[in-house]
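Taking it in order: structure first as structure tokens, then the write-up.
Residue numbers (the numbering used here), protein chains in the order written: chain A, 1 to 196; chain B, 1001 to 1357.
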């Protein structure tokens, strides 16, 4: 078999596997070396990019560098992660990120899964709670942000504000972690005790 | 749980029973779950980690399934014990190598394992020997519901179960089978098979999950997407393709026997010969040779070895298992010598390891 790029005998037979695509290359020694060096260099460039599949690449078409820079600085009010940090690590910071970065995540998720709506199971709740609690757990995730503001208030010695945050945390935790069926385990974690 | 006692048994994935167990080693379903009131694991402070670990440990213990589970504090284990759990597929390599508060709850049969503070707060896994995805799914559903009643899983009506990595969001389910495909490897059809699997968005991985190399012709096939389909549909997606792969492998084995009887018999016999006489041998080579011998036994080319013994050797020649059985820690060089010694002793005089001399 001849090299695909010149008349020499093809001695390297390379099969490239890209997502869903297969490319077969038959090359002579010289052209194979050039080809492999190229792809190695390209791989080296990618090293610092996020590792999770499908997370790299442009977010949406038409975003300017400035817009991207702004977006990268947008931080989640609960866990504080920026979109830039997420893009680097490929891991989100807390459940609220799916709400806060919903617009940015949507094309990404569509790309990975080919869908943007969950159709599977829902959390099985004890009967008493199923009636009073909403399906989504946004409210409970709110305690992540409240804990942060409580800590900040303590640092600033604003104890009035710290107490407000603590009470808000307690109300939410009582509703979600307290009631019947949940007491079976242990009382809820005593988050605010380290305040004093 | 006394970790040392684990080495006495082979564990669920190597039990070698269940439907189609000549090709399907095991069927596994795992669910990724997070609690709603804490940041995801990579964003946790040390205190967050400890609190989430305690919260999950206590609530799991109080669930009905809790009474069947033994909790292991992975953060406090010696490296060799963590490695032992990885080799038994009860925790992931990432979980073993991580830092901070983390643990795993395991049932006595080693079918159910619940990792706390892996990439997600909770990773529930259920593994059955042979081809039994349906059985594994039915079992994990019960465990998931029991824990869901006492743990508020992070959930969003649109995005489903919320996970640290968007690649798991929605159902959080990974359905996988581990297959032994030596004949497809020998006949060089394996790449073709994998390419067609990728086309129907199934992933192929090596023996020890993500990023691991396929050792000894063992491959894991699993679903790639987790959102937009129901759990049942995803179990089916993987389940539907397995009979096809089994059929390919069987046909390749028949082809080998029919067309290259002498060659394949020679290969298998040489593999067997090395295992019985080598003086030093790596884990990778052992795995590769045991794989060939395993196929030889199934093709009737080696008469005096049992599949159960091969399966048992597959796990007991792994680094941590070998050292546990020997009772001392060994460096790589000494492990290779000890591994060869262990294999020779088991195959001595051509009798199977299980039968007394």
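Don't be surprised by glycine CBs; every beta carbon is placed ideally from N, CA and C.
Since the model is a prediction, treat every value here as computed from it, not as a measurement.
Would DSSP call residue i helix, strand or coil?
i                       : result
residue 4 of chain A    : coil
residue 113 of chain A  : helix
residue 211 of chain A  : Only positions 1 to 196 of chain A appear in the structure, and residue 211 of chain A is not among them; the question remains open.
residue 1127 of chain B : strand
residue 1344 of chain B : helix
residue 1139 of chain B : helix
residue 171 of chain A  : helix
residue 1271 of chain B : helix
residue 1174 of chain B : strand
residue 54 of chain A   : Reliability fails at residue 54 of chain A, whose pLDDT of 46 lies under 50, so the model's placement of it is uncertain and no value is given.
residue 1107 of chain B : strand
residue 120 of chain A  : coil
residue 1336 of chain B : helix
residue 89 of chain A   : helix
residue 1023 of chain B : coil
residue 1218 of chain B : strand
residue 78 of chain A   : coil
residue 46 of chain A   : For residue 46 of chain A, the predicted structure reports a pLDDT of 38, less than 50, and the residue's modelled location is therefore unreliable. The matter cannot be settled from this model.
residue 1149 of chain B : coil
Buried or exposed, going by whether 16 or more other CB atoms sit within 10 Å of the CB of residue i?
i                       : result
residue 1233 of chain B : exposed
residue 1263 of chain B : exposed
residue 1273 of chain B : exposed
residue 1067 of chain B : exposed
residue 1266 of chain B : exposed
residue 159 of chain A  : exposed
residue 1247 of chain B : exposed
residue 1200 of chain B : exposed
residue 1051 of chain B : buried
residue 1305 of chain B : buried
residue 97 of chain A   : buried
residue 155 of chain A  : exposed
residue 1259 of chain B : exposed
residue 1118 of chain B : buried
residue 1207 of chain B : buried
residue 1279 of chain B : exposed
residue 1329 of chain B : exposed
residue 4 of chain A    : exposed
residue 1240 of chain B : exposed
residue 6 of chain A    : exposed
residue 1120 of chain B : buried
residue 1005 of chain B : exposed
residue 1222 of chain B : buried
residue 1345 of chain B : exposed
Should residue i and residue j be called a contact, given that it needs their Cβ atoms to be closer than 9 Å?
i                       : j                       : result
residue 1228 of chain B : residue 118 of chain A  : yes
residue 1103 of chain B : residue 1033 of chain B : no
residue 1146 of chain B : residue 1126 of chain B : no
residue 1182 of chain B : residue 1044 of chain B : no
residue 1042 of chain B : residue 136 of chain A  : no
residue 29 of chain A   : residue 2 of chain A    : no
residue 1237 of chain B : residue 1175 of chain B : yes
residue 1343 of chain B : residue 1299 of chain B : no
residue 1075 of chain B : residue 1099 of chain B : yes
residue 1390 of chain B : residue 1122 of chain B : Shown here, chain B extends from 1001 to 1357; a query on residue 1390 of chain B therefore has no answer.
residue 1003 of chain B : residue 1171 of chain B : no
residue 1179 of chain B : residue 1023 of chain B : yes
residue 1037 of chain B : residue 132 of chain A  : no
residue 1086 of chain B : residue 1320 of chain B : yes
residue 1252 of chain B : residue 1339 of chain B : no
residue 1245 of chain B : residue 1193 of chain B : yes
residue 1142 of chain B : residue 1059 of chain B : no
Pop quiz: residue i and residue j are said to be a contact at Cβ under 8 Å. What is the actual Cβ separation, rounded to whole angstroms?
i                       : j                       : result
residue 1111 of chain B : residue 1231 of chain B : With a Cβ gap of about 18 Å, residue 1111 of chain B and residue 1231 of chain B do not count as contacting.
residue 1136 of chain B : residue 1027 of chain B : 5 Å
residue 1166 of chain B : residue 144 of chain A  : Contact doesn't hold; Cβ gap of about 19 Å is too wide.
residue 123 of chain A  : residue 1153 of chain B : 5 Å
residue 1275 of chain B : residue 1290 of chain B : 7 Å
residue 1286 of chain B : residue 1317 of chain B : 5 Å
residue 168 of chain A  : residue 162 of chain A  : Between residue 162 of chain A and residue 168 of chain A the Cβ distance is about 11 Å, and since that is not below 8 Å, they are no contact.
residue 1017 of chain B : residue 1108 of chain B : So it is not a contact: roughly 17 Å between Cβ atoms.
residue 90 of chain A   : residue 1225 of chain B : Incorrect: roughly 17 Å between the Cβ atoms, too far for contact.
residue 83 of chain A   : residue 104 of chain A  : 6 Å
The segment 118 to 150 of chain A: positions lying closer than 8 Å to chain B by Cβ
118, 119, 120, 121, 122, 123, 124, 125, 126, 135, 136, 137, 138, 140, 141, 143 and 144
Members of the segment 1138 to 1156 of chain B that neighbour chain A once the beta carbon cut-off is set at 7 Å:
1145, 1148, 1149, 1150, 1152, 1153, 1154, 1155 and 1156
Going along the chain, which residues of the segment 69 to 91 of chain A sit with their C-beta nearer than 7 Å to a C-beta in chain B?
79, 81, 89, 90 and 91
Against chain B, which members of the segment 104 to 117 of chain A pass a CB distance test of less than 8 Å?
105, 108, 109, 112, 113, 114, 115, 116 and 117
Between the segment 1104 to 1122 of chain B and chain A, which residues of the former have a C-beta closer than 8 Å to a C-beta of the latter?
1119
Going along the chain, which residues of the segment 1153 to 1186 of chain B sit with their C-beta nearer than 7 Å to a C-beta in chain A?
1153, 1154, 1155, 1156, 1157, 1158, 1159, 1160, 1162, 1164, 1165, 1166, 1167, 1169, 1170 and 1171
Against chain A, which members of the segment 1229 to 1247 of chain B pass a CB distance test of less than 7 Å?
1229, 1230 and 1231
Going along the segment 1088 to 1102 of chain B in order, which residues come within less than 7 Å of chain A, judged by CB to CB distance?
none
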